[in-house]
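Data block below; observations after.
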Amino acid sequence: MIPRLDDVPGVLGEICRRRLDEVSRRPYGSVPDLGQTLPSFSRALALPGLSLIAEVKRKSPSQGDIAPLDAPAVARSYEQGGARAVSVLTEPHYFAGSDEDLRAVRRAVGLPLLRKDFTVHPSQVPEARALGASAVLLIVAALGGLTGDYLELARRHGLEALVEVHDERELDLALEAGAEIVGVNNRDLVSLRVNMDTAPHLGERARSKGFTGLLVAESGYSRPEELRPLAGRFDAVLVGTSLARSGDWQGAIEALMADSR
1 MIPRLDDVPG
11 VLGEICRRRL
21 DEVSRRPYGS
31 VPDLGQTLPS
41 FSRALALPGL
51 SLIAEVKRKS
61 PSQGDIAPLD
71 APAVARSYEQ
81 GGARAVSVLT
91 EPHYFAGSDE
101 DLRAVRRAVG
111 LPLLRKDFTV
121 HPSQVPEARA
131 LGASAVLLIV
141 AALGGLTGDY
151 LELARRHGLE
161 ALVEVHDERE
171 LDLALEAGAE
181 IVGVNNRDLV
191 SLRVNMDTAP
201 HLGERARSKG
211 FTGLLVAESG
221 YSRPEELRPL
231 AGRFDAVLVG
241 TSLARSGDWQ
251 GAIEALMADS
261 R
C-alpha cells in the first residue's frame, strides 16, 4: 500500500517523499477516533447550483506565503458566506498546515471537511477520520495503481474521497478505480503551471465515458466570470488562494458565488 514515489517527478514527488518519511515514523493509530458522526461531503456537493469548497490555505509552493490565517475563524466566515464544504490543509512544510487546524475547524463549523494532504501511507486514512474529516484527498499522480486500494480503505473507515486528476491518463485510472468524486486540477502538480482548459476538457471526457458521479474543478478560480463555464458541467469548485488572501472571507465568497447559485 506504499506508492512508488521515486517515480513521481517535480515538486509533487518532493512533497510526497517527505510526507511519507514523516508519516512512517508515527505509530499507526496514534490519533484516537472519537467516533463522531460527520456531515456528508458528497451530499453537500450535490446540492443545487455550483457548490463551493473553500480552502484554509496559508502558503503553497506556487504562491509562497498567502496569509497568516486563524483556521477556525476563517472557516466560520466561509460557512457564513455560503461555502458548502471546507478544505483544510494539514501538510506542515510546503503549506503551513497542521492536524490541529483540522481539529479546530471541526469544532468551529458544521460543514463537511476535506483533509487536504498528500496521502501516501494507509495510516493517513483513518487518521483523517479521527481528526474530523468527512473526506480525504487521493492524488492519482502520487498513488497510481494503488488509487483503488486507497478508495476502498477510505470507504472501510467511513470516509469519502476526492480523487484528483490533471490529465487523461490519470482520469482513466480514477474511473477504473471506481472514484465517485473526481477533482480535476487545472494546476499540473509537477510543473505548477495552470491551464484553465484542463477542467472543462477532462470533465467532458469523464461524462463521455459514462461517469455519473460528482465533478469538482480545482485551481485558478478567483472571479465570478471564471465559474460560468463550469455551470451544468461541474458540481463544485474548490477555491483557496483568492479567498484566503481577501481578508474579507465571507464577503469574498458572496461576491464569487453571486452568479452560481
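For the sequence shown, UniProt numbering begins at 1 and goes up steadily by one. The beta carbon of each residue, even a glycine, is placed where N, CA and C say it ideally should be. As the structure is a computational prediction, the values presented were derived from the model and not from experiment.
Return the chain-ordered list of same chain residues with a C-beta closer than 7 Å to the C-beta of residue i, the five sequence neighbours on each side being excluded.
i: GLY13; result: LEU5
i: PRO122; result: MET1, LEU153
i: ALA75; result: VAL56, VAL86, VAL105, ALA108, VAL109
i: ASP188; result: HIS166
Beta-carbon within less than 6 Å of residue i's beta-carbon, same chain only, minus the 5 sequence neighbours each way: which residues are those?
i: HIS157; result: VAL125, PRO126, ARG129
i: MET196; result: ASN186, GLY220
i: SER242; result: SER222
i: GLY183; result: LEU162, GLU164, VAL216, GLU218
i: LEU38; result: SER134
i: SER62; result: LEU192
i: TYR94; result: ILE15, PRO61
Starting from the C-beta of residue i, find all residues in its chain whose C-beta is less than 8 Å away, skip the five residues before and the five after it, and write them out in chain order.
i: LEU227; result: LEU50, TYR221, VAL237, LEU256, MET257, ASP259, SER260
i: GLU254; result: GLY81, GLY82
i: VAL88; result: GLU55, VAL56, ALA71, ALA75, GLY97, ASP101, LEU102, VAL105, LEU113, LEU114, ARG115, LYS116, ALA133
i: GLU176; result: GLY148
i: LEU159; result: VAL125, ALA128, ARG129, ALA133, SER134, ALA135, VAL136
i: GLU204; result: ARG233
i: LEU131; result: VAL31, THR90, ASP99, LEU102, ARG103, ARG106, ARG115
i: VAL239; result: LEU52, ILE53, ALA54, GLU55, TYR221, SER222, LEU256
Measure from the alpha carbon of residue i to the alpha carbon of each residue in the options, then state which is nearest.
i: VAL190; options: ILE66, PRO9, ILE2; result: PRO9
i: LEU45; options: GLY240, GLN250, PHE234, ALA244; result: PHE234
i: LEU173; options: LEU111, LEU143, ARG155; result: LEU143
i: HIS201; options: ASP167, TYR78, ARG58, ARG19; result: ASP167
i: TRP249; options: ILE53, VAL11, SER40; result: ILE53
i: VAL120; options: LEU111, ASP21, GLY247; result: ASP21
i: GLY213; options: PRO229, GLY240, ASP188, ILE181; result: ILE181
i: ARG245; options: ASP188, TYR78, ARG207; result: TYR78
i: PRO48; options: LYS59, GLY64, ARG84, GLN63; result: ARG84
i: LEU111; options: ARG155, PHE41, THR198, ALA199; result: PHE41
Given that a residue counts as buried once 16 or more other Cβ atoms are within 10 Å of its Cβ, and exposed if not, what is residue i?
i: VAL194; result: exposed
i: ALA252; result: buried
i: GLU164; result: buried
i: LYS209; result: exposed
i: ALA231; result: exposed
i: GLU225; result: exposed
i: GLU91; result: buried
i: PRO27; result: exposed
i: GLU170; result: buried
i: GLY145; result: exposed
i: ARG19; result: buried
i: ARG58; result: buried
Every unbroken beta strand (DSSP E) inside the segment 3 to 88 [3 residues or more]: 51 to 56
Uninterrupted beta strand (DSSP E) stretches inside the segment 136 to 174 (no shorter than 3 residues): 160 to 165
Cβ contact check for the segment 132 to 140 and the segment 64 to 79: 3 or more pairs under 8 Å: no
Segments assigned beta strand (DSSP E), at least 3 residues, entirely inside the segment 102 to 126: 113 to 116
Inside the segment 204 to 232 only - beta strand (DSSP E) runs reaching at least 3 residues: 214 to 218
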